[in-house]
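With the first letter of the sequence shown counted as 1, position 114 gets the number 120 in the working numbering; the numbers rise by one all the way through.
For every residue, glycine included, the Cβ atom is placed at its ideal position computed from N, Cα and C.
All values reported here derive from a predicted model rather than from experimental measurement.
Down below is the structure, laid out as structure tokens.
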Amino acid sequence: MVKNKFNFKIFHLGNLVQQGVLEKGLEMSHICSFFSCTRDEIMSMYEAETLDSEVVLKWSLLLQYDFFRIYSEHLILYAPKASADKNKGVNLKSVQISQFRKNIYTKGIIDFVLEIMETGEKNAVEIIKEYGIPKSTLNKWKDKYKVST
């Protein structure tokens, strides 16, 4: 449903849902029955840039696609990184959270980053600075997926 050219920074959830419905070939009557709502309400969901989390969960179930992953990938790529000054006196809980972040890159994010590097849209230095991906991680991805830059 989400292709390599997907923009994780700005996305329209209603359009993505509608695209998923078209790809799956679902009938409007089935969708209305699943949501217990009218055709007009479904159409307004397609037009909505954002949707309530409960509605997103239902769409994820119906379309068998994890729409929440899009939000997770957005946070990984675009959430501001904690500054060194803020981390002076961190407690154990926040250290554990930052350790969890270490292995959070999905295949979709890796493909996205490698593609913008390969097309020349951004170079390695820009990617490291903008997305906070460590240089060693980026080099491992380039080696593993045989990307030339």
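Nearest candidate by alpha-carbon position, reference GLY156, set ILE110, ALA54, LYS152: This structure gives no information on residue 156, because the portion of the chain shown stretches from 7 to 155.
Supposed contact pair MET51 and GLY31 - C-beta distance, whole angstroms, cut 8 Å: Going by Cβ atoms, the distance from GLY31 to MET51 rounds to 18 Å, so no, they are not a contact pair.
Closest residue to VAL23 among LEU69, LYS148, GLU33 (Cα-Cα distance): When LEU69, LYS148, GLU33 are compared, the shortest CA-CA separation from VAL23 is found for LEU69.
LEU98 burial status per 10 Å Cβ neighbour count (16 or more: buried): Low per-residue confidence applies at LEU98: pLDDT is 49, beneath 50, and the placement is therefore not dependable enough to give any value.
Cβ-Cβ distance between LYS15 and HIS80 below 8 Å: yes
ILE139 (DSSP reduced to helix, strand or coil): coil
Host alpha helix (DSSP H) of ASN129 (start-end): Counting along the chain, ASN129 falls outside any alpha helix (DSSP H), and DSSP gives it neither H nor E.
Presumed contact (8 Å Cβ cut-off) between ILE115 and LEU83, rounded CB distance: That belief holds up - the Cβ atoms of ILE115 and LEU83 are roughly 7 Å apart, short of 8 Å.
Within the segment 43 to 71, ranges of the alpha helix (DSSP H) (whole runs, at least 4 residues): Taking only runs of at least 4 residues, the alpha helix (DSSP H) segments lying wholly in the segment 43 to 71 are 45 to 53, 59 to 69.
Helix, strand or coil at VAL23 [DSSP, three-state]: helix
Own chain, CB closer than 6 Å to PHE106, minus 5 neighbours either side, in chain order: At PHE106 the pLDDT is 47, less than 50, meaning the model places this residue with poor confidence and gives no usable figure here.
Per-residue burial, GLY26 [other beta carbons within 10 Å of its own, 16 or more giving buried]: buried
Inter-residue CB distance, ASP72 and SER66 (contact presumed, cutoff 8 Å): Yes, ASP72 and SER66 are in contact; Cβ-Cβ is about 6 Å, under 8 Å.
Between the CA atoms of LEU120 and LYS148 - distance to the nearest angstrom: 7 Å
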